[in-house]
Structures are given as structure tokens and as C-alpha cells.
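Residue numbers (this note's numbering): 865 to 1246.
For glycine and all other residues, C-beta sits at the position ideal for the given N, C-alpha and C.
Have a look at the structure below before the remarks.
Next up, the structure:
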């Protein structure tokens, strides 16, 4: 599918996008459904917003929905709020029930159509009450009255993407900036963030620009970073970062169980940071830890000093050489043991096997209720 799309030109006009929508709907609608597109809609009253088209969808039970279609050549997460505000001021009328796009003149909702919508853009549109479609096949039509719901999946990456300064949060530079944004509460200028992340200003700027486009960081022009959606940033990071894939890792067996490793860590004369279940349990324990995860500079040397036996499968301890040394920074101690910063622990658990994601959710809930216990005010590093 993606290879075929890459070979085809991207829809370059409103007409071509509407044609792609009609083709997709005809090809992908369930049996018994029918669709019709009116490409020459008229405004409701003089001076009122006129949609780019109207889409009529009829279900097998004769339930029929009429959606206004708003065409955008491109749409990023940060644009969704402005879109909602723009359409609200031009077309919608109060009072507006929370979580519901109101209707007017027989229109049951708004469908946003674009060349490609990222996963986060689609989620934000859904949360704002919009239906959506893109030229790669992503489709969601949802109306409450009448009750109609259709959802189909298309491409997860843009087959016509132009070169952009940054497209993901992979790699050590992104890890350093993400951790600084999570560890330190804004506001602060970009130069201070670069200092906190221990990166050149240009490297930090590229990551921040990407996060602004993802609606995860708020910054006015070249001004200071004003706010960070830390939970959204944490989850966005884990789309490109994974505990066992991003870091070099090796499993071992601790015969007496994961917690037995803690006593030997207290005597370890080398840098380390405990992450995963053992760390989360100190703040929000879900169940006894089944896996001990520890960051170390050198797996082989640490395994020898800790007396661990290699376990090709079924191990209950994993040693990790981190993709970025920030895993060893802003740690905290308890009971003579050094633990990784809680944002690092949460990211690692979100991408861990087994019950790791559930443990991450419990930890994130604790972090939300105790921000002062893990997040520091932004200030120059000493």
C-alpha cells in the first residue's frame, strides 16, 4: 500500500482530494452503505462559512448523516485547535454541549479531509469532535444523531513527506531534550533548555520545533518555552523509543528473584540506575516486581560484579546500556539504591513487556498528583 502511494503523486488540489475521498468511500464502505458528495455547497446565510463540500452517508437501516467537509492540504496537531476555533467562530453557534460539535441547517458534523493525517492529528481531531479522512485511507466518520460510526485504517507514515528538520524522537539528542522538558517545569528560554539538555542550541531547537508542531510544547515565536504537555510528550516519545530496542540489553537470571539484586547494587562501585518495576514500586506499586531492569555503562563488567548468570530466555533481570547517558542523570536515592528519574522509568515501563504498561499508568497517575516530588523548576545547571 505505502509503496504504491509513494509511486503515485500526492493529491495537489481540493478537487483531487475530494475525488480521492469519493473513491475511498466507494471502495471501502461496508456493504449496504451509500455515499454522495456535493462539491458545490452554498453558505447557510450571506457571509457565513461555506464548506468545501457536503458528504451524505446512508446506513443500511436508512439512517442518514450529512457532514460538512473542510479540506486542508496539510494539517499538523498544533493546527487542530485553531481549526476548531475558526470553524466555531464562522459556523457554530452557542450554546455548545461539551464534547459535541453542534449541528446547523441539517448538518450533523464536520469531516476534515487532508493528504495525510498523523496518528496524533487524528486523535486530536477525534477528541475535538471531528470526523476525518486522508488520501492514504485513514477514515473515521462518527455522528451521534443519527448514530453512525465508520472507521478504517490507512498509512501510519506520510508517503509523500517532504524533508523536514526532524520527523521523530529517536536517538540520544531527542532523548536529552525530551528528558529535560519532562524533568524541568517551564517557563524557560530555549538556550536554557539546551544547557539543561547539555546540547548545542541548534540541536535543541530542532527537537523543540518538532514538538511545537506536534502540539506538545507551547512557544510564542522565538520566545521562551511556556508550557509542556508532559503526559502527551511522554507517550509521544515512546512511539519512537523502546526500552529493549533503543538500548543495548541482555537478560540474566537472579535465582532469588529481582529484589535480591538490590542488596548487591548497594555495593556496586560503578554508576547505575534502577528503572522499570523496581523503581516504580517505590512510588506506586501494582504488584511484586517480576523483572529487575538496571542501566549500567558496561553490561559485561556489571554482570560480573553483580554475579549474574546469562539467561538467553526466561531471565528475571535485564542490564541495559542506555542510548543516551541522560539515563544516569537526575537520579534519586532510596534505601541506598540509585533509581532513574521517574519520567525515564515511566517511558521504560510503557515500552516494557508483560504488565509494564499497567505499572506505567499507575506511576503516571502518581506523578500527576505529586509533581513537586519529581519535577524541578527550570534553572541553570550548576
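Open item on the list: Counting beta carbon pairs with one atom in the stretch 999-1016 and one in the stretch 913-928, are three or more of them shorter than 8 Å?
Closed with: The stretch 913-928, when compared against the stretch 999-1016, does touch it at the 8 Å Cβ threshold.
Task: Straight-line Cα distance separating residue 1236 from residue 1194 - done: Going from the Cα of residue 1194 to the Cα of residue 1236 covers about 14 Å.
TODO: Look at the Cβ atom of residue 1079, then the Cβ atom of residue 1041, and state whether they are nearer than 8 Å.
DONE: Going by C-beta atoms, residue 1079 is not nearer than 8 Å to residue 1041.
TODO: Under 8 Å by Cβ, that's how I've got residue 1180 and residue 1088 pegged, so tell me the actual separation to the nearest angstrom.
DONE: Not a contact, Cβ separation roughly 45 Å.
Task: Three-pair Cβ contact test at 8 Å for the stretch 931-946 versus the stretch 969-985 - done: With three or more CB-CB distances shorter than 8 Å, the stretch 931-946 counts as touching the stretch 969-985.
Task: First through last residue of the beta strand (DSSP E) which encompasses residue 1090 - done: 1089-1092 is the extent of the beta strand (DSSP E) around residue 1090.
Open item on the list: I need the straight-line Cα distance from residue 1201 to residue 1126, nearest angstrom please.
Closed with: Their Cα atoms are separated by approximately 7 Å.
TODO: Decide if residue 1242 is buried, meaning its Cβ has at least 16 other Cβ atoms within 10 Å, or exposed.
DONE: Buried, because 16 or more other Cβ atoms sit within 10 Å of the Cβ of residue 1242.
Open item on the list: If you reduce the DSSP assignment to three classes, tell me which class residue 926 lands in.
Closed with: Three-state result, residue 926: coil.
Open item on the list: Using a 10 Å radius around the Cβ and a threshold of 16 neighbouring Cβ atoms, would you call residue 1229 buried or exposed?
Closed with: With fewer than 16 other Cβ atoms within 10 Å, it is exposed.
Task: Collapsed DSSP secondary structure at residue 848 in the structure displayed - done: With the chain running from 865 to 1246 in the structure shown, residue 848 is simply not present.
Open item on the list: Considering only their Cβ atoms, is the gap separating residue 1001 from residue 892 smaller than 8 Å?
Closed with: Yes, they are a contact pair.
Task: Validate contact between the stretch 1136-1149 and the stretch 1157-1167 using beta carbons, cut 8 Å, 3 pairs - done: Touching, yes, given that three or more Cβ pairs across the two stretches are closer than 8 Å.
Task: Beta-carbon gap between residue 1043 and residue 1207 smaller than 8 Å - done: A contact, by the Cβ cut-off of 8 Å.
TODO: For residue 909, count neighbouring C-beta atoms within 10 Å of its own C-beta (all shown protein chains included) and say buried if the count is 16 or more, exposed if not.
DONE: Because residue 909 sits at a pLDDT of 44, beneath the cut-off of 50, its placement in the model cannot be relied upon, and the following sentence gives the value as read from the coordinates. Counting Cβ neighbours within 10 Å, residue 909 comes out exposed, since fewer than 16 surround it.
Open item on the list: Quick check: what's the CA-CA separation for residue 1112 versus residue 1164?
Closed with: Computed Cα separation, rounded: 12 Å.
Task: Cβ shell of residue 1077 (< 6 Å), same chain only, five flanking positions each side left out - done: Cβ within range, chain order: 940, 942.
Task: Spatial distance of residue 1102 from residue 1189 (CA atoms) - done: Whole-angstrom Cα-Cα distance: 17 Å.
Open item on the list: Do residue 1081 and residue 1054 count as a contact pair if the criterion is CB distance below 8 Å?
Closed with: With contacts defined by Cβ atoms closer than 8 Å, residue 1054 and residue 1081 do not form a contacting pair.
- [ ] To the nearest angstrom, report how far apart residue 1240 and residue 1075 are at their CA atoms.
- [x] Going from the Cα of residue 1240 to the Cα of residue 1075 covers about 20 Å.
Task: Span of the beta strand (DSSP E) around residue 1196 - done: For residue 1196, the uninterrupted beta strand (DSSP E) segment begins and ends at 1196-1198.
Task: Alpha carbon of residue 1133 to alpha carbon of residue 1171, nearest angstrom - done: When rounded, the distance between both Cα atoms is 14 Å.
Task: With 16 other Cβ atoms within 10 Å as the buried cut-off, status of residue 895 - done: Exposed.
- [ ] Decide if residue 1220 is buried, meaning its Cβ has at least 16 other Cβ atoms within 10 Å, or exposed.
- [x] Buried: at least 16 other Cβ atoms inside 10 Å.
Open item on the list: Which of the three DSSP states is assigned to residue 997 in this structure?
Closed with: Strand, per DSSP.
TODO: Specify, as a first and last residue, the run of the alpha helix (DSSP H) that residue 887 falls within.
DONE: Counting along the chain, residue 887 sits inside the alpha helix (DSSP H) bounded by residues 878-892.
Open item on the list: Please tell me whether residue 1250 and residue 919 are closer than 8 Å, where the distance is taken between their beta carbons.
Closed with: There is no way to answer for residue 1250, as the model of the chain reaches only from 865 to 1246.
- [ ] With residue 1016 as the anchor, note down where its beta strand (DSSP E) starts and where it stops.
- [x] Looking at the DSSP string, the run of the beta strand (DSSP E) that includes residue 1016 is 1012-1016.
Open item on the list: Is the separation between the beta-carbon of residue 1187 and that of residue 1039 shorter than 8 Å?
Closed with: In this structure, residue 1039 lies closer than 8 Å to residue 1187 by Cβ.
Task: Alpha-carbon to alpha-carbon, residue 1128 and residue 1275 - done: Because the chain in this structure spans residues 865 to 1246, residue 1275 falls outside the shown range and cannot be described.
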